[in-house]
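Numbers in this note's numbering are just positions in the sequence shown, counted from 1, shifted up by 34. Heads up, the beta-carbon is just placed ideally off N, CA and C, and yes, glycines get one too. This report refers to the structure that appears directly beneath it.
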Amino acid sequence: MEAKKYIIEQKYRKWLNSRYINKYEKTEIRELIQEEQKESFYKYLEFGTGGMRGIMGIGTNRMNIYMIRKATQGLSNYLINSSGVIGKNKGVVIAYDCRINSYEFALNSALMLCANGIKTYLFSSLRSTPELSFAVRELGCQAGIMITASHNPKEYNGYKVYWEDGGQLVEPQASGIIEEVNKTDEFEDVKLITQEEAKNLGLLNILNNELDSRYLKNVKKESILKDLPNKENFKLVYSPLHGTGERPVKRLLGELGYKNVHIVEVQEKPDGEFPTCSYANPEEKNVFDLSIKLADEVGAKVCLANDPDADRTGMMVKENNKWIYLNGNQIGMLLLKYILDSKKDIPENGAVVTTIVSTPILDKIAEERKLKVFRTLTGFKYIGEKIREFEEGKYDNSFVFGMEESIGYLKGTYVRDKDGILGVMLLTEMVAYFESIGTSSIKELEKLYDKYGWYSEITYPVKREGIQGTEEIKKMMEELRKRDLKVLLDKKINIVKDYKVKKEKNYLNGSESELFLPESDVIQYILEDETYITVRPSGTEPKIKYYIYTKEKSKKEADKKLENILNDFKKYMESLLN
């Protein structure tokens, strides 16, 4: 503890005495109370395999221009060392969303890159994450940077790095860049020039609207039923939740002939304060309150919403005068079935790519159509990586559809990340089609459950703040591995998959095999009654997450079983700390 206290004090003094910190920031540092001082300086904000995300503020464990510069200098060093002059000339494209300080962080990133002699493209105004992924590919860049904290609360911001294929960082680039960032001093090692100098050198290029039409053209190519009857009268309510989605969604749906789109007015304009929904996450039902109010006024039966950087799509539908929230797995099941039923040119070697914590029903839908299912670690970057491997010939498969349970979807290969703009288009088209043939999302979902089994599910996050919380999460995972369970919650374990040691144990036949996925701190149990329990610490927030699926003959039975298992498992995990 004394050693940690010394390290915190050392970093605190370094910042307080630095010539790079201005007098206002030094006053802010001095005014930190003891607990804030500890939280702000006890470690460096971790630059993980996709970038970094954290609470904004002063200090090494906060999002600020100094951590942005440290990250960008590390990225610059890796890019130059690995790609040389070719990489510098291909350059880096930068986009940013509506969050507080996003433009300042984006500009600092751009000027850092230019100071290192790297050609840089900076969007002149807000853009979505999928358009950033598209821009990397379209401009032929070596890398991309997206300034966003996705769906996190307003106190957060983040920094995501993309590589030349338009996907988020995977190996070997991820480890290489992390190594360079970790050995970069946030003050002495960074290079910086002014905006005027960068422009005079011809290194800073401002992007206005050049890519918007090209991006939307590619999204529109993924529409399946372009000639739906009466679609101009189909009523839809949409909310960008104060984020980047309003402009592209409005234009896209208008060009496709949907003329009855109602946008929630008070959530229409970008605003990093998120005044109507402090947690602008369309995985949460309450962010739809204003959408539902508007839908009831105009007579719409579907509400769609994007998160602030518009890479996720959430949905609520009205059935029998009751509003029902569809979770990410349910939307994914419906979209996959819709695509397979409606698209005429599904390849024989088609592949569906999803994650290890997504619903088992996806496998059943795909297998019935003789499609192969690939499961990756959690994070859409791994789905993007799999698409690249298909194109490189590592597998004899063609990409059909990708989804993750946290409301992220992709059809097509024009981007290598989930696309919430595409999600809005496909869901609008799907629900309009259902309406045109006299059915609904809920009715179609019930058909899937009747056919494949009634699964209930929950993703349950347990928040553990600060230094102590980090240690508690670490201890929980260590204890699970140490106990080497064969029985969990009074049920036999059929299969346990430990993605950290990359081993699968099958207790049904006594076999052990290797898991051919990257190392990750995740454990998954499949119990004798087809209950799935997966445990993983969050990569972006101070949380540990439990993903649980239960299966029964009816919704009521599956829901009750889920409630009991969740309560018992929460108690079990807490017991690991005693």
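Using a Cβ distance threshold of 8 Å, determine whether the stretch 330 to 343 contacts the stretch 271 to 282, with at least three qualifying pairs required. Three or more beta-carbon pairs drawn from the stretch 330 to 343 and the stretch 271 to 282 are found closer than 8 Å, and the two stretches are therefore classed as touching.
To the nearest angstrom, how far is it from the Cα of Lys526 to the Cα of Glu165? 47 Å
Among Gly121, Val127, Asp397, which residue has its Cα nearest to the Cα of Ala1? Residue 1 lies beyond the range of the chain shown here (35 to 612); nothing can be said about it.
Mapping the DSSP letters down to three states, classify Phe435 as helix, strand or coil. strand
What do you reckon, are the CB atoms on Gly413 and Gly118 nearer than 8 Å? Not in contact: Gly413 and Gly118 (Cβ atoms no closer than 8 Å).
Best match in Gly436, His185, Leu328 for proximity to Asn315 [C-alpha to C-alpha]: His185
Three-state secondary structure (DSSP) at Asp305? coil
Exposed or buried, which one is Lys260 when buried takes at least 16 other CB atoms within 10 Å? By the neighbour-count criterion, in which 16 or more other beta carbons inside 10 Å mark a residue as buried, Lys260 falls on the exposed side.
Determine contact between the stretch 423 to 443 and the stretch 237 to 247, defined as no fewer than three beta-carbon pairs at a distance below 8 Å. no
Considering only residues of the stretch 132 to 183, which uninterrupted alpha helix (DSSP H) runs meet the minimum length of 4 residues and lie entirely inside it, listed in chain order? 136 to 149, 163 to 173
Sorted by chain position, which residues of the same chain lie with C-beta nearer than 7 Å to Val60's C-beta, five sequence neighbours on each side aside? Residue identity differs from the one stated: residue 60 is Lys in this sequence, not Val. Cβ neighbours of Lys60 beyond the five flanking positions: Leu50.
Going by the CB atoms, is the gap between Gln176 and Glu205 shorter than 8 Å? Glu205 places its beta carbon 8 Å or farther from that of Gln176.
For Pro552, which residues of its own chain have a beta-carbon under 7 Å away from its beta-carbon, when the five flanking residues on both sides are left out? Glu205, Leu411, listed in sequence order.
Could you work out which residue in Val271, Lys605, Tyr130 is closest to Leu287 when comparing CA atoms only? Val271
Taking 6 Å as the limit between beta carbons, can you name the residues of its chain near Asn416, skipping five residues before and five after? According to the sequence displayed, residue 416 carries Tyr and not Asn. Excluding residues within five positions, the ones whose Cβ falls inside 6 Å are Thr410.
Whole alpha helix (DSSP H) elements within the stretch 346 to 407, 4-residue minimum: 362 to 376, 395 to 402
Measure the CB-CB distance between Tyr76 and Phe221 and report whether it falls below 8 Å. no
Nearest to Phe157 by CA position, among Asn601, Thr568, Tyr483, Leu173, is which residue? Leu173
Per DSSP, which residues does Gly88 bridge with? Please list them. Asn191
Determine the burial state of Tyr40: buried for a count of at least 16 other Cβ atoms within 10 Å of its Cβ, exposed for fewer. Under the 10 Å beta carbon count, Tyr40 is surrounded by fewer than 16 other beta carbons and is classified as exposed.
Scan the stretch 216 to 293 and note each continuous beta strand (DSSP E) run of 3 residues or more that stays entirely inside, going in chain order. 238 to 241, 270 to 273
Can you give the Cα-Cα distance for Asp555 and Gly108, rounded to whole angstroms? 25 Å
Provide the residue span of the alpha helix (DSSP H) that contains Tyr78, from first to last. Looking at the DSSP string, Tyr78 is not in any alpha helix (DSSP H), and its letter there is neither H nor E.
Three or more C-beta pairs closer than 8 Å, one from the stretch 394 to 409 and one from the stretch 481 to 489: is that the case here? yes
Compare the beta carbon distance of Val195 and Ile211 with 8 Å and say whether it is the shorter of the two. In this structure, Ile211 lies closer than 8 Å to Val195 by Cβ.
Range of the contiguous beta strand (DSSP E) that encloses Tyr130: 126 to 130
Inter-residue CB distance, Ile557 and Ile441 (contact presumed, cutoff 8 Å): Wrong, their Cβ atoms sit about 24 Å apart, outside the cutoff.
Cα-Cα separation between Ala400 and Ser376, rounded to whole angstroms: 14 Å
Report, in whole angstroms, the separation of the C-beta atoms of Pro274 and Ile455, which I expect to be a contact under 8 Å. 10 Å between Cβ atoms; not a contact.
Going by the beta-carbon positions, is the gap between Ser110 and Gly91 smaller than 8 Å? no
Taking Val496 as the reference, give the member of Leu482, Ser257, Val569, Lys428 with the closest Cα. Val569
Less than 8 Å between the CB atoms is what I'm expecting for Glu513 and Pro576, so what's the real figure, rounded? No, Glu513 and Pro576 are not in contact; Cβ-Cβ is about 19 Å, not under 8 Å.
Say whether the stretch 130 to 144 touches the stretch 212 to 219, bearing in mind that this needs 3 or more beta-carbon pairs closer than 8 Å, one atom from each stretch. no
Can you list, in chain order, the residues of its chain whose CB lies under 8 Å from that of Leu519, leaving out five sequence neighbours each side? Ile527, Val530, Tyr559
Quick check on Arg409: does DSSP put it in helix, strand or coil? Assigned with DSSP and collapsed to three states, Arg409 falls in strand.
Give me, in chain order, the residues of the same chain whose beta-carbon lies closer than 7 Å to that of Glu419; leave out the 5 immediate sequence neighbours on both sides. Gly201, Val204
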